[in-house]
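In what follows, a single structure is set out as structure tokens and then discussed.
Protein chains: 6
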Amino acid sequence: MSDPFFIPPSGADLPRYAGVPTFMRLPYLSPEDPRRAEVELGFFGLPWDGATSNRPGARHGPRALRDASTMIRAMNRATGQTPFAAMQCADLGDVAMSPVDQDEALGNAEAFIAGVVEQGIRPLMVGGDHLCTLTVLRALRAARGEAFGLILLDSHTDLYPPYFGGQTLTHGNPFRQAVTEGLIAPERTVMIGMRGTAYDTEDFDFGHRHGIRIVQIEEFFDRGFGPVMDEARAIVGTAPAYLSFDIDFIDPAYAPGTGTPEVGGPTSFQAIQCVRALRGLDIIGADLVEVSPPFDPSGGTAWLGASVLFELLCVMAPA
Amino acid sequence: MSDPFFIPPSGADLPRYAGVPTFMRLPYLSPEDPRRAEVELGFFGLPWDGATSNRPGARHGPRALRDASTMIRAMNRATGQTPFAAMQCADLGDVAMSPVDQDEALGNAEAFIAGVVEQGIRPLMVGGDHLCTLTVLRALRAARGEAFGLILLDSHTDLYPPYFGGQTLTHGNPFRQAVTEGLIAPERTVMIGMRGTAYDTEDFDFGHRHGIRIVQIEEFFDRGFGPVMDEARAIVGTAPAYLSFDIDFIDPAYAPGTGTPEVGGPTSFQAIQCVRALRGLDIIGADLVEVSPPFDPSGGTAWLGASVLFELLCVMAPA
Amino acid sequence: MSDPFFIPPSGADLPRYAGVPTFMRLPYLSPEDPRRAEVELGFFGLPWDGATSNRPGARHGPRALRDASTMIRAMNRATGQTPFAAMQCADLGDVAMSPVDQDEALGNAEAFIAGVVEQGIRPLMVGGDHLCTLTVLRALRAARGEAFGLILLDSHTDLYPPYFGGQTLTHGNPFRQAVTEGLIAPERTVMIGMRGTAYDTEDFDFGHRHGIRIVQIEEFFDRGFGPVMDEARAIVGTAPAYLSFDIDFIDPAYAPGTGTPEVGGPTSFQAIQCVRALRGLDIIGADLVEVSPPFDPSGGTAWLGASVLFELLCVMAPA
Amino acid sequence: MSDPFFIPPSGADLPRYAGVPTFMRLPYLSPEDPRRAEVELGFFGLPWDGATSNRPGARHGPRALRDASTMIRAMNRATGQTPFAAMQCADLGDVAMSPVDQDEALGNAEAFIAGVVEQGIRPLMVGGDHLCTLTVLRALRAARGEAFGLILLDSHTDLYPPYFGGQTLTHGNPFRQAVTEGLIAPERTVMIGMRGTAYDTEDFDFGHRHGIRIVQIEEFFDRGFGPVMDEARAIVGTAPAYLSFDIDFIDPAYAPGTGTPEVGGPTSFQAIQCVRALRGLDIIGADLVEVSPPFDPSGGTAWLGASVLFELLCVMAPA
Amino acid sequence: MSDPFFIPPSGADLPRYAGVPTFMRLPYLSPEDPRRAEVELGFFGLPWDGATSNRPGARHGPRALRDASTMIRAMNRATGQTPFAAMQCADLGDVAMSPVDQDEALGNAEAFIAGVVEQGIRPLMVGGDHLCTLTVLRALRAARGEAFGLILLDSHTDLYPPYFGGQTLTHGNPFRQAVTEGLIAPERTVMIGMRGTAYDTEDFDFGHRHGIRIVQIEEFFDRGFGPVMDEARAIVGTAPAYLSFDIDFIDPAYAPGTGTPEVGGPTSFQAIQCVRALRGLDIIGADLVEVSPPFDPSGGTAWLGASVLFELLCVMAPA
Amino acid sequence: MSDPFFIPPSGADLPRYAGVPTFMRLPYLSPEDPRRAEVELGFFGLPWDGATSNRPGARHGPRALRDASTMIRAMNRATGQTPFAAMQCADLGDVAMSPVDQDEALGNAEAFIAGVVEQGIRPLMVGGDHLCTLTVLRALRAARGEAFGLILLDSHTDLYPPYFGGQTLTHGNPFRQAVTEGLIAPERTVMIGMRGTAYDTEDFDFGHRHGIRIVQIEEFFDRGFGPVMDEARAIVGTAPAYLSFDIDFIDPAYAPGTGTPEVGGPTSFQAIQCVRALRGLDIIGADLVEVSPPFDPSGGTAWLGASVLFELLCVMAPA
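The listed protein sequences derive, respectively, from chains P, F, B, Y, L and V.
Numbering of the first sequence is given in our numbering, commencing with residue 1 and proceeding in unit increments.
Numbering of the second sequence is given in our numbering, commencing with residue 1001 and proceeding in unit increments.
Numbering of the third sequence is given in our numbering, commencing with residue 2001 and proceeding in unit increments.
Numbering of the fourth sequence is given in our numbering, commencing with residue 3001 and proceeding in unit increments.
Numbering of the fifth sequence is given in our numbering, commencing with residue 4001 and proceeding in unit increments.
Numbering of the sixth sequence is given in our numbering, commencing with residue 5001 and proceeding in unit increments.
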């Protein structure tokens, strides 16, 4: 049971639109705060979009998701879980990342996350663009000493080869890089939701060469989310795995506020069921990325993102 | 057959964006108008959101729904009904409700609706927040002398205990209050679409203790709207029943303009089929509530709400 | 194989948000450009909404669709097609159409399209309101000397009788006019997606009298898009057919930016599958109409429209 | 003193966002209503934009202005006037104008206004695009038998020659046409606020040839609104004059919701002072045109337009 | 000199869009925090709009203003002040105010502010609607034992008589109530910026009867802000005074996000100069109210409000 | 006189919303196009915001400005100029700039502009963030062999020291860098419009140390734009000078669509007069930067930006 210190105030005591907005209304703990030692799961933001090839704005994601997440209440009605009571959670703040220098930005994030992981806190990262995920994977890999599985819910594989000269890392290739660096185990990796136009088949080819399972959206809709997620569970197995959720997995009618939307995606209900289906796996870290508030005039994407964050949290909570 | 006085002008005679916007382009009849005696079904607005716990704005609902409803044409293509020809309908105006005094506001609404019901007019109320529904239930109960059934399409049960001290009525507990006051018959009450996070299980527990049937969204999607609505019809039976439609029943991708959206809901098609499935029941009154125009920048929620209003009308029309 | 001149630049060479926006980043060829002789399929815009009975703005459609279409990449991930490599495509520009004079506007469009067709270019027209389609049908009929089939994906039949006195052509009756003028073969015509309210049954009656197959949305959802599109293929057969896609076919949650939205429509996934199902037919021309940017604040409708345009292109590409 | 029937309800009795929205919350009187005989000043809408050369949408102006105008209270704080008490005002509704046929649309408007003028009602027209003004000028000229003065507040002269072939009337030439038809007396005509780019000097040349005084914005800002309006009063004199206010007179920061905005215009304060400066003239009719709600996402233009309408009303009220 | 603990992080160390958003990036101190004893000036929010007669939404003001205020840097370029270095400032959080019960909400706010004042912290309140100001005035009056002066920058006097039956306090009468309760000294009260329509002259009459100086906007523009503010300084004198800034003081082109905008107001430059002109007075407390985020789609009003908050802070800083 | 090839089509021949949108509807000439040799003034875009410290989005500026600029007509009404007839202008396209690699991006831009300058084309650059200006200054300096004057209209000096570690160039220091590199002559440099909060006085100190004249907004409003611009002309003198216009010079009520708005700025009228006042100087190049379409929902900033571009063009045109 959580210490009451770690329990968010109820909307019945302080209206949900009131108060300083931390993730889920959890206590904010700076790196020096001694109570960090008690934290089991930590939310933190990587407010950075310096690897974005198309429409920028994901640097504003953590701010918008903190705001929207204050609407979340204590209990998951569908599963009956009360995750804040089941484990001690906190908001660990944002990493200072230079918007104009990729190397420095990634370095700062890796150092911060290494500290988090070192303290025994499971990371729940809020992006930022998808290259941010690479920093979490690196920190987890370094701490664990071995590669782990990956479940990716996304409309893109992010296995693209580098494009644009010079700097080779973009938000289109974190997982290609992660495979190359040996961070993730490709044969225990599954990617779900791919669709839209492509430059060529190079990303799929790369994935297939390495044994990654890629589920295109047509297969997803044909078979239904239940069978697809059963297969995903089987691929990942009981060993440790990371869960990455790109908001553009969901159809842009539901989530317009993202940089590279692709039409023809799942509904919010389907997306949430996909996350819930992963309950019981050994999820060592997770993230929600690519929420871009400048393209989300009604705030609906942030609200959906906050709802997904809560489901990610519940999947990581003790049974 | 309706008197031509009660037939809305066609868009072929006056473009639908033209003219003073009344509900469905029906004649507006003030309380003193003698033609009120001929009315069988009356639209009216309760422009009030003084019981809203989260984002306000539903006070602007009747205005936006009158505007959008001028786009509705004469015939329901799916059912073949022409409701304005089948019964004499009118716009009865809005009730003057103090935005700063709940007791006075509710009292005025109850008095107005009592007058409507007394004239033999079936009420089709346009909110306003969900506490507005309580005033219709009270007026109908007073006039009929006995409790009636209820079908609620909503993402919340609105059976919550009072929250916030002092004033105990909020838009989160009209139906708890209605059960307590004996306005509705809980064993003939069915609530469909519940989802999202919860403070606890108190609302469900209350409902179940009183015999209310609650269909969560997971069950709704598992079984499909057909079987669920068949069960709803069976629960309500042939005795009188009230139908309350909270726009947040529908997924926020379709209906962003509401105060407390919950992701993972039905599509507009599914929602409309749910209403249509109730044809033939003895619907003594209905409402559409919680449309909040300030959160509806594109006007899509108002347009969807107007479409739902038309379906509510058709369900109340003679076969 | 296309001449490299006709291959759009990749986003890897020039970011997709950069450069002068032509349709799909194809070369723009004016009527006098000699390279028009090499073109097999030509995009062009009819920026005109002078026949719109409700909310105007479709005149701005071609501009917004050019902009959004620069996001399209080379390959259709679902089908594996690379249409720009398979046939030589170009942007032929917009027709100068008077916004205040219907006769002149239609005449200019017909003359322009006649020229396009004469050059052996298959037309892919971007509207504009739905009356624009009539000009393409007239030009194709004149060039071919016989009527052809029609597949219409739309929420309306556009078989309405003239409404408003005087000028009889509106965006509500291009296909009634096309039947009357003998442009299309009604027995090889299928219309899919009809829904919403109606003035009366006159449009359906007209269609049925002439042998047109009309699939209402309820049937579409009951049977699923697969069986419905199989039937559509059978109706159209192997003879030449025209394909017209009104963006209001898709539910307004996905496509709010249109003049006369009707709730309860298909998702973007379903809509795209409907187009793909037509592969292999003899499509002699196609269009996407009724995108109205002033009602599309987030640009999502334009992006969905551009995605549909790409699918139309793929259906018209060699197998 | 007005009959209480003609006094709008106070916001203290019915909140201003409540009730069926008529212009200024005045009673709506259809053409057949016998109380029209008592009306001294009549608001009515011309919901039409069929002569718009650029961005359409002004057809939605009357609807939006009725909505916004319900915010207006009884008294002009600056002048102390209570116009609704000083003369009997009413909402006469909208004219049915075909969106697709200019001749019919203008004919209907002229017939309607002729009827209004015949009943001795001074017209206060709400557009619609600027060609709508021509119909008021024609009706007034026909009734009076002689030309009258004109004050135009606008960023354009609307003295342009016809452009686009065929139909020669556009919203760019109502006043050229009015001069040609002898409706207005050019030597008693003053146009204020002209700015932006031009095709050529033909409109100015035409105006100057006929003796029209044109005040460009540079002169307006140099001299200040006081001296400019003093000159305008002197030009118009004590004989009858018409007052036309195009919302694009005001800078687009204040009034973005219009079809052809021109940057560098007056503030709302300056614009209102310009209207007030005309008090005491013999204003026989007035209008507010070119409010285009699709380009007014925040509704600020409609609210400013409603405020201008109230000032126009006050200028037309007895001293 | 401030303790470094009270110095906001620079954007050069943590980008301004990053981190948990407190007012001005100051430390958040809960009521129990011992460091509150060191605070000299405290920001806090009253997230409440339960007294709003027109468009609601000001309850969301503190959230939006915290967000926007993270853009403020250390130094006032115009005055050279560095207020965070000159006095120890903090974010004291929001008061829990029931959205449905006015008595409880006001009582909670008064108790909270009494505690703030008791600790010797000068209050800088962020609303909320204008009735929130009454709670600050009451707390200051109780602590000081005598009435104080008032400077109000607003488009309304908020001296209106109660309207709507029952509950008599609304956001239209805080200062009438404050005069009645003896909180403020009317002869040392000045109100600047009044404009728009009025129900009658009752508010002005009340003010004038009590000796309040009211400067209408016409006088403001005629004389210029310099002379007007000189007079305001003279009226208030050197004795203690409270400064209340309603965002609707500024023209809605600059500040659309408010509940009751009035056209024809000052620019942001003029408004800021008005605040700066008060430097050197004995300002015992201040507020910024009526920012309503639902009507501020671009966030510009919140940004302007945050800029005004900084100017209020500078006026309250030691010279 | 221009060759007709270089004259944009009139809106009377092709409505201004029609056609492929190039800058000002000028012909687009790729680097290889032989007609580039005839060009005297070239528009081109630098679609890049990789040096933005706050809100990104300026990479989308050239696209939005091309779109808006199609509304510009042939003649400057205020000055009588017809710049397209006076010199041969063209749209030279956008530079391919990597969004993720600053060095490569700047390098590509410099190479492109060097080519433009080499062809004798005067550059009119459309950003992009303000660091883009550095590439133009470098290319011009290299071609000319000596430093030139600078007029900057902006709310910031962009003389800030590097902030964020690593990469030292940001959009906050192009002119510091330009001074350091000897590109501009500081004693012939004038910066106008500075306001808002600051980190410290380091930027002003740097400027003053080098002899740059900085006019803060308070001085601008006190003296008026006329005297200020007279002084600017005197500082720059008759020798060559560059003119850089940051859209955030103008108040955010007029230009909300920018990354770092500062309240309290000039109106659009005043801003345009500032540009016009520079006529007759030897302007060797100019730019408009920092238009950020994601923060410009109504498109008003792009339209204002296009109007400013036209004024920049007129200032560069032969007398």
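No residue lacks a Cβ here, since even glycine has one placed at the ideal position from N, Cα and C.
Quantities reported herein were computed from a predicted structural model and do not represent experimental measurements.
- Tell me, please, whether the CB atom of Y:Tyr3028 is closer than 7 Å to any CB atom in chain V? Here residue 3028 of chain Y refers to the residue found at position 28 of the fourth sequence. Taking Cβ atoms only, chain V never reaches closer than 7 Å to Y:Tyr3028, which makes this a no.
- If you draw a straight line from the C-alpha of Y:Val3039 to the C-alpha of Y:Phe3084, how long is it? The residue given as residue 3039 of chain Y occupies position 39 in the fourth sequence. The residue given as residue 3084 of chain Y occupies position 84 in the fourth sequence. If I take the Cα positions, the gap works out to 11 Å.
- With respect to the beta strand (DSSP E) encompassing Y:Met3125, which residues constitute its N-terminal and C-terminal limits? As a first step, residue 3125 of chain Y must be located in the fourth sequence, where it is residue number 125. Going by DSSP, Y:Met3125 is part of the beta strand (DSSP E) stretching over Arg3122 to Gly3127.
- Is P:Gly265 closer than 7 Å to P:Leu323 when the C-beta atoms are compared? With chain P covering only 1 through 319, there is no way to say anything about residue 323 of chain P.
- Checking contacts by CB at 7 Å: is B:Ile2272 closer than that to chain P? Position 272 of the third sequence holds residue 2272 of chain B. Closer than 7 Å to some Cβ of chain P, the Cβ of B:Ile2272 qualifies, so yes.
- Nearest-angstrom Cα separation, counted from F:Glu1311 out to F:Asp1033: Indexing the second sequence from 1 puts residue 1033 of chain F at position 33. Indexing the second sequence from 1 puts residue 1311 of chain F at position 311. Roughly 27 Å between the two C-alpha positions.
- Message: Residues of the stretch 1174-1201 of chain F in Cβ contact with chain P at a cutoff of 9 Å, in chain order, please.
- Response: Contacts with chain P (Cβ-Cβ distance below 9 Å) from the stretch 1174-1201 of chain F involve Met1194, Arg1195, Gly1196, Thr1197, Ala1198, Tyr1199, Asp1200 and Thr1201, listed in chain order.
- Give a yes or no on whether 7 Å exceeds the smallest Cβ distance from B:Ala2047 to chain V. Counting from one through the third sequence, the residue named residue 2047 of chain B turns up at place 47. Inspection of the sequence shows that residue 2047 of chain B is occupied by Pro rather than by Ala. Interface residue, yes.
- Message: Any beta carbon of chain B sitting closer than 7 Å to that of Y:Pro3252?
- Response: The sequence position of residue 3252 of chain Y within the fourth sequence is 252, counting from 1. By this cut-off, Y:Pro3252 is not an interface position.
- Message: Judging by CA-CA distance, which residue of B:Glu2262, B:Gly2237 and B:Ser2053 is the nearest neighbour of B:Asp2248?
- Response: Position 248 of the third sequence, counted from the start, is the residue given in the question as residue 2248 of chain B. Ranking the options by Cα distance to B:Asp2248, first place goes to B:Glu2262.
- Message: Let me check one thing: in DSSP terms, what residues is F:Ala1090 bridge-paired to?
- Response: Walking along the second sequence from the start, residue 1090 of chain F turns up at place 90. Per the DSSP secondary-structure output, F:Ala1090 pairs in a beta bridge with F:Gly1042.
- Query: Bridge partners of F:Gly1149, per DSSP?
  - Reply: Stepping through the second sequence from its first residue, residue 1149 of chain F is reached at position 149. F:Gly1149 is bridged to F:Ala1241.
- Query: Among B:Ala2253, B:Thr2238 and B:Gly2259, which has the Cα closest to the Cα of B:Gly2280?
  - Reply: Residue numbering aside, residue 2280 of chain B sits at position 280 when the third sequence is read from its first letter. Here the closest residue by C-alpha is B:Thr2238.
- Task: In angstroms with no decimal places, state the Cα-to-Cα distance between F:Ser1244 and P:Phe23.
- Result: Counted from its first residue, the second sequence places residue 1244 of chain F at position 244. Counted from its first residue, the first sequence places residue 23 of chain P at position 23. Spanning the two alpha carbons is a distance of roughly 34 Å.
- Message: Contact defined as beta carbons within less than 8 Å: I believe Y:Pro3293 pairs with Y:Ala3105. What is the distance between those atoms, to the nearest angstrom?
- Response: For this step, residue 3293 of chain Y is matched to residue 293 along the fourth sequence. For this step, residue 3105 of chain Y is matched to residue 105 along the fourth sequence. The Cβ separation is near 19 Å, so there is no contact.
- Is the beta carbon of Y:Leu3124 sitting closer than 7 Å to the one on Y:Leu3046? Position 124 of the fourth sequence holds residue 3124 of chain Y. Position 46 of the fourth sequence holds residue 3046 of chain Y. At a Cβ-Cβ threshold of 7 Å, Y:Leu3124 and Y:Leu3046 do not count as neighbours.
- Compute the distance between the beta-carbons of Y:Pro3256 and V:Gly5300, then report whether it is under 7 Å. Start at 1 with the first residue of the fourth sequence, and residue 3256 of chain Y comes out as number 256. Start at 1 with the first residue of the sixth sequence, and residue 5300 of chain V comes out as number 300. Cβ distance < 7 Å, so Y:Pro3256 and V:Gly5300 count as in contact.
- Query: Under 7 Å between C-beta atoms, does V:Ala5096 make it to chain B?
  - Reply: Walking along the sixth sequence from the start, residue 5096 of chain V turns up at place 96. The C-beta of V:Ala5096 comes closer than 7 Å to at least one C-beta of chain B.
- Sort F:Val1095, F:Pro1008, F:Ile1214 and F:Leu1153 by Cα distance to P:Arg77 and report the nearest one. The sequence position of residue 77 of chain P within the first sequence is 77, counting from 1. Closest option to P:Arg77, Cα to Cα, is F:Ile1214.
- Query: Measuring CB to CB, does F:Gly1172 end up less than 7 Å from F:Asp1158?
  - Reply: The count along the second sequence starts at 1 and reaches residue 1172 of chain F at position 172. The count along the second sequence starts at 1 and reaches residue 1158 of chain F at position 158. Yes.
- Query: When the Cα of L:Phe4204 is compared with those of L:Ala4018, L:His4156, L:Asp4287 and L:Gly4182, which residue comes out closest?
  - Reply: Reading the fifth sequence from its first residue, position 204 is the one you call residue 4204 of chain L. It is L:His4156.
- Hey, out of P:Phe175, P:Ala253, P:Ala178 and P:Ile151, whose CA is closest to P:Ala277's CA? Working through the first sequence from its first residue, we reach residue 277 of chain P at position 277. Per the C-alpha coordinates, the member of P:Phe175, P:Ala253, P:Ala178 and P:Ile151 positioned closest to P:Ala277 is P:Ile151.
- Determine the DSSP secondary structure at Y:Arg3176, reduced to helix, strand or coil. Start at 1 with the first residue of the fourth sequence, and residue 3176 of chain Y comes out as number 176. Here Y:Arg3176 carries a helix assignment [DSSP, helix/strand/coil].
- Return no unless some Cβ of chain Y is closer than 7 Å to the Cβ of V:Ile5072. Walking along the sixth sequence from the start, residue 5072 of chain V turns up at place 72. Closer than 7 Å to some Cβ of chain Y, the Cβ of V:Ile5072 qualifies, so yes.
- Query: For the beta strand (DSSP E) that contains B:Gly2285, what are its first and last residues?
  - Reply: Position 285 of the third sequence, counted from the start, is the residue given in the question as residue 2285 of chain B. Per DSSP, B:Gly2285 belongs to the beta strand (DSSP E) from Ile2283 to Val2289.
- Query: For chain Y, is any of its Cβ atoms less than 7 Å away from the one on L:Pro4256?
  - Reply: Counting from 1 along the fifth sequence, the entry for residue 4256 of chain L is found at position 256. For L:Pro4256, the nearest CB of chain Y lies under 7 Å from its own CB, placing it at the interface with that chain.
- Message: How far does the alpha helix (DSSP H) with L:Gly4311 in it extend, from its first residue to its last?
- Response: One-based indexing of the fifth sequence puts residue 4311 of chain L at position 311. Per the sequence presented here, residue 4311 of chain L reads as Glu, with Gly not at that position. It spans Gly4300 to Met4316 - the alpha helix (DSSP H) in which L:Glu4311 sits, taken as one unbroken run.
- Going by C-alpha distance, which of V:Val5291, V:Val5190, V:Arg5066 and V:Phe5221 is nearest V:Val5236? Locating residue 5236 of chain V in the sixth sequence gives position 236, where the first residue counts as 1. Comparing Cα positions, the closest option is V:Val5190.
- Nearest neighbour of V:Glu5110, chosen from V:Ala5086, V:Ala5142, V:Asp5101 and V:Asp5129 [CA to CA]: As a first step, residue 5110 of chain V must be located in the sixth sequence, where it is residue number 110. Each of V:Ala5086, V:Ala5142, V:Asp5101 and V:Asp5129 was checked against the Cα of V:Glu5110, and the nearest Cα belongs to V:Ala5142.
- When every heavy atom of the ligand ADP is checked, does at least one fall within less than 6 Å of the C-beta of Y:Gly3011? The ligand ADP is absent from the structure shown, which contains no ligand whatsoever.
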